[in-house]
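Asks: Got a structure for you, written out below as structure tokens; questions coming shortly.
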Amino acid sequence: MLHFLQQLGSSTRTSFAKLGRATFFLGHTLTGVVDVAIRPRLLLNQLHSVGVLTFLIITISGLFVGMVLGLQGYNILSDFGSEEALGIMVAASLVRELGPVVTALLFAGRAGSALTAEIGLMKATEQLSGMEMMAVDPVNRIVSPRFFAGFLSMPLLAALFSMVGILGGHMVGVGLLGVDDGSYWSQMQVNLDFYDDIVNGVIKSMVFGFAVTWIALFEGYDAVPTAEGVSRATTRTVVNSAFAILGLDFILTAMMFGDI
Amino acid sequence: MDNSDISADSLISVRNLSFSRGNRKIFDNISLDIARGKITAIMGPSGTGKTTLLKLIGGQLFPEQGSIVVDGLDVHQLRRKELFNLRKRIGMLFQSGALLTDINVYDNVAFPLREHTHLTESMIRTLVLMKLQAVGLRGARNLMPNELSGGMARRVALARAIALDPMMILYDEPFTGQDPISMGSIVHLIKSLNTTLGLTSIIVSHDVAETSAIADYIYVISDGKIAGQGTPKEIAASESAWVQQFMNGNPDGPVHFHYSATDYIEDLLVSSHPPARIAGKQETFKTDESLKAKGLKKTPSRKRGRSRYRRED
Amino acid sequence: MQHTRTQDTLVGLFVAAGIVALFFLSLQVSNIRSFMPADTYVITARFSNSGGLKVKSPVSVAGVRIGRVSNIYIDKETYESVIEMSIESKYDTLPEDTSATIYTAGLLGEQYINLDPGGSFDYLKNGGRIEITQSAIVLEEIIGRFLFQKAEE
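Residue numbers (our numbering), protein chains in the order written: chain S, -8 to 251; chain F, 4 to 316; chain R, 9 to 161.
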């Protein structure tokens, strides 16, 4: 019993210490906005590796998710004779939930783990130390551009995901199953609100982008600089990101759509 | 070591420095001076915190006690900006080279120039080529770091370290893991750069022969203390048994071949109840146990112990 | 340098695609016109029963949406429900004697307000009030009335 309490105490202490380090790290990262403003090329390079390289997986997944939604939605809605509501069903699920959440999960798996591994390896190979000794702040120079690139990429990726998904739903619903093209779009337009749905979806994806990139970069920066340490950090990135995304999603949904 | 005032010809003065990691004291109240324009070597076995000393000098770590004064500036009292300005005048060669892996050799050497100067690209090009020529790698400028051998990577890192014409260079284990030829070229480079550029060099190493060949002054560190100091000749003639063991690489001496443990025979006999302290090694004990159960004779233990030690090494 | 140029192009493409997607969602998927608070004016109408009408329910004339319900509350003295509607400014020629009716889209669809323009040449202005209203049709009432009539026969 005493042993258990001891363990509980020490793990609480270490997790709070980690949270503290992560917060300082975030603050330090945010000061890098100056570096990014002076050297936009840094951001551009990172937009390439964070955004462009995630583009393909996002669009392909979005297409399939949209197609599946089209099929499933049609099956359920046709039981009630309201197939024309397929458009709003596909669009609302994508714009409000699946777009931001699935994109963030894919982003954590594709870009987040890569960021952790990259930063962790740079630490392990003394590149970060080396930079510090060359009087260059490695957090501002290396971490910040990646952070802002992730933060900016996420809303764009989520929007792409939703758009491709809606088109995928259209392909299946209208193209294959014969839902009326006009009602597919008009139901969507009447029922989806620009502010409530689209803007909130974008806000969600920004929050997820912030959380995932923060977690990924911090895990890399905080990793034990060995092969094993980096691999563990990469795993932690994916797991913690998934938890963060889903937890935040509940909170945000409750704030935006629920009446809590 | 006396606590006399900083002598005029010393670039770095370390005074009463203490530093520990966890419960282990890495430096225990040491003081030393690094002479300007000379090559000073800090030697000692692995794990004595030689790299830590370099990081302390570079201001990456903070001491618990004591001060380090570099060129009249107390490193740990400086504000961030002042520290960064000091670092621009210090080149550091990391053990692994620490080249940025996503850019090529040319851009690596140009990196500090682009960061800290406002030179035009053509001037940077001239400087980069000069530095690369100095380390003999002008032809390798378009290679990526992962295409370089360990020795080449270290030479590129050296070119980068001298890019800003620093007043001193810190070498972290420059000779480790080098083949004889690249070792020779690095020894030669350190020596020639020191004389031609008028640098102050600090070499942290445990390669006795190479370091003794070029160092002007040597500090030998052991257990957080300075075990010996002097010119290579003085060190070689040191009366300290420890220094003798280290310099000559004797397997046994003041530093015992065996990691401290309980009596060997006793340990084997009580193997059915392994002491908690070495619980991690249970598997070995199991083998011993099973051997005993089968009534087999133990393998000649000394030999086994030795070969295992070698494998782990 | 060639490498960076391709990279720039790809980043440009990525950002452009993302922005296109955002515009697509705003314009094609949702109705962005509702997100222009400056370009609307408010009129009110009183109903004895506003049924299932909600904030953001559509307001339409002849089947074309011209605004949304922006607020619903009870008049504490008359116990009527007061509906505020934001009407897009370009539809600023609603006659004063326009009448408002709460309809249901389809049998189970959502409720909306239909405006039936009258013949007056004076138009409703910001803060204006529609006098002629017809409340929501409450299904239970109709069924009840129908059963009552049947019983009487």
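All C-beta atoms, glycine included, are put in the ideal place defined by N, C-alpha and C. Note that the coordinates shown come from a computational prediction; the quantities given were computed from them, not determined experimentally.
Give the list of continuous alpha helix (DSSP H) stretches no shorter than 4 residues that lie fully inside the stretch 109 to 191 of chain S.
Replies: Qualifying alpha helix (DSSP H) stretches, in chain order: 118 to 124, 135 to 161 and 172 to 182.
Asks: To the nearest angstrom, how far is it from the Cα of Phe255(S) to the Cα of Ala105(S)?
Replies: Outside the shown range of chain S (-8 to 251) lies residue 255(S), about which nothing can therefore be said.
Asks: Is the CB of Leu266(S) under 8 Å away from at least one CB in chain R?
Replies: The structure shown has nothing for residue 266(S), since chain S only spans -8 to 251.
Asks: Could you spell out the range, first to last residue, of the alpha helix (DSSP H) harbouring Met250(F)?
Replies: Start and end: Ala244 to Asn251.
Asks: Check the Cβ-Cβ distances between Gln118(S) and every residue of chain F, and say whether any is below 8 Å.
Replies: Yes, its Cβ sits closer than 8 Å to a Cβ of chain F.
Asks: Determine, using beta carbons only, whether Val81(S) and Ile189(S) come nearer to each other than 8 Å.
Replies: Contact flag unset, no.
Asks: What does a CB cutoff of less than 8 Å around Leu96(S) pick up in its chain, not counting 5 residues either side in sequence?
Replies: These residues qualify, in order along the chain: Ser232, Ala233 and Ile236.
Asks: Relative to the C-alpha of Ala207(S), which residue among Val41(S), Leu148(S) and Ala8(S) is closest?
Replies: Of Val41(S), Leu148(S) and Ala8(S), the residue nearest in Cα terms is Val41(S).
Asks: Relative to the C-alpha of Arg137(R), which candidate in Val50(R), Ser56(R), Asp100(R) and Gln119(R) has its C-alpha closest?
Replies: Here the closest residue by C-alpha is Val50(R).
Asks: Quick one: give me the first and last residue of the beta strand (DSSP E) that Lys228(F) is part of.
Replies: Per DSSP, Lys228(F) belongs to the beta strand (DSSP E) from Lys228 to Gly233.
Asks: Note down, in chain order, every chain R residue with its Cβ under 9 Å from the Cβ of Leu239(S).
Replies: Under the 9 Å cutoff, chain R gives no residues; its nearest Cβ is about 21 Å from Leu239(S).
Asks: Taking the runs of the alpha helix (DSSP H) that are 4 residues or longer, which of them lie wholly in the stretch 125 to 194 of chain F?
Replies: Listed in chain order, the complete alpha helix (DSSP H) runs (minimum 4 residues) inside the stretch 125 to 194 of chain F are 153 to 164.
Asks: If Asp2(F) and Ala264(F) are in contact, beta carbons under 8 Å, what's the gap, nearest whole angstrom?
Replies: As displayed, chain F neither begins before 4 nor continues past 316, which places residue 2(F) out of reach and without an answer.
Asks: Report the CB separation of Leu200(F) from Ile165(F) in whole angstroms; it is logged as a contact under 8 Å.
Replies: That belief holds up - the Cβ atoms of Leu200(F) and Ile165(F) are roughly 7 Å apart, short of 8 Å.
Asks: With a threshold of 16 other CB atoms inside 10 Å of the CB of Thr226(S), please say whether the residue is buried or exposed.
Replies: Thr226(S) comes out exposed.
Asks: For a cutoff of 8 Å on Cβ pairs, would you count Ala150(S) as touching chain R?
Replies: Cβ-Cβ to chain R under 8 Å: yes for Ala150(S).
Asks: Along the chain, where does the alpha helix (DSSP H) that runs through Ser6(S) open and close?
Replies: First-last of the alpha helix (DSSP H) with Ser6(S): Leu(-7) to Thr22.
Asks: Pull out every residue of the stretch 38 to 61 of chain S whose Cβ sits closer than 8 Å to any Cβ of chain R, in chain order.
Replies: So the close ones are Leu38, His39, Gly42, Val43 and Phe46.
Asks: Give the secondary structure of Ile150(R) by DSSP, where H, G and I count as helix, E and B as strand, and everything else as coil.
Replies: Three-state DSSP puts Ile150(R) in a helix.
Asks: Nearest by alpha-carbon distance to Asp105(R): which of Ile91(R), Ile140(R), Pro66(R) and Thr17(R) is it?
Replies: Looking at the Cα atoms, Ile140(R) is the closest of the given residues.
Asks: Measure how close the beta-carbons of Ile37(F) and Leu20(F) come, nearest whole angstrom, since I'm counting them as under 8 Å.
Replies: Incorrect: roughly 13 Å between the Cβ atoms, too far for contact.
Asks: In its own chain, which residues sit with a C-beta less than 6 Å from the C-beta of Gly167(R), not counting the 5 before and 5 after it?
Replies: Missing from the structure shown is residue 167(R); chain R here goes from 9 to 161 and no further.
Asks: Looking only at its chain, what residues have a beta carbon closer than 6 Å to the beta carbon of Gln247(F), apart from the 5 residues adjacent to it on each side?
Replies: There are no such residues.
Asks: Between Gly57(S), Leu60(S) and Val43(S), which has its C-alpha nearest Thr14(R)'s C-alpha?
Replies: Among Gly57(S), Leu60(S) and Val43(S), the Cα nearest to that of Thr14(R) is on Val43(S).
Asks: Would Leu47(S) be called buried (16 or more neighbouring beta carbons within 10 Å of its own) or exposed?
Replies: Label assigned to Leu47(S): exposed.
Asks: List, in chain order, every chain F residue whose beta-carbon is nearer than 7 Å to that of Gly123(S).
Replies: Per the sequence presented here, residue 123(S) reads as Glu, with Gly not at that position. Ordered by position in chain F, the residues that pass the 7 Å Cβ test against Glu123(S) are Gln63.
Asks: Taking contact to mean at least 3 C-beta pairs separated by less than 8 Å, is the stretch 80 to 96 of chain F in contact with the stretch 130 to 146 of chain F?
Replies: Because the criterion of three Cβ pairs below 8 Å is not met, the stretch 80 to 96 of chain F and the stretch 130 to 146 of chain F do not touch.
Asks: Return the first residue and the last residue of the alpha helix (DSSP H) that Glu161(R) is part of.
Replies: Segment: none, Glu161(R) is in no alpha helix (DSSP H) and carries neither H nor E.
Asks: Please classify Ile150(R): is it buried, with 16 or more other beta-carbons within 10 angstroms of its beta-carbon, or exposed?
Replies: Exposed: under 16 other Cβ atoms inside 10 Å.
Asks: Is the Cβ-Cβ distance between Ala144(R) and Leu123(R) less than 8 Å?
Replies: Against a cut-off of 8 Å, the Cβ pair of Leu123(R) and Ala144(R) comes out as no contact.
Asks: Please identify the residue among Thr22(S), Leu38(S) and Val130(S) whose C-alpha is closest to the C-alpha of Gly200(S).
Replies: Measuring from the Cα of Gly200(S), the nearest candidate turns out to be Leu38(S).
Asks: Please determine, among Gln136(F), Ser13(F), Met147(F) and Asp175(F), the residue with the shortest C-alpha to C-alpha distance to Leu96(F).
Replies: Nearest option by C-alpha distance: Asp175(F).
Asks: Could you give the residue range of the beta strand (DSSP E) that holds Leu85(S)?
Replies: No beta strand (DSSP E) contains Leu85(S), which DSSP labels as neither H nor E.
Asks: With DSSP as the reference, label Pro321(F) as helix, strand or coil.
Replies: Only positions 4 to 316 of chain F appear in the structure, and residue 321(F) is not among them; the question remains open.
Asks: Between which two residues does the beta strand (DSSP E) carrying Ala53(R) extend?
Replies: Taken as a continuous stretch (DSSP letters only), the beta strand (DSSP E) holding Ala53(R) covers Thr48 to Phe55.
Asks: Give the list of continuous alpha helix (DSSP H) stretches no shorter than 4 residues that lie fully inside the stretch 24 to 64 of chain F.
Replies: Runs found: 53 to 60.
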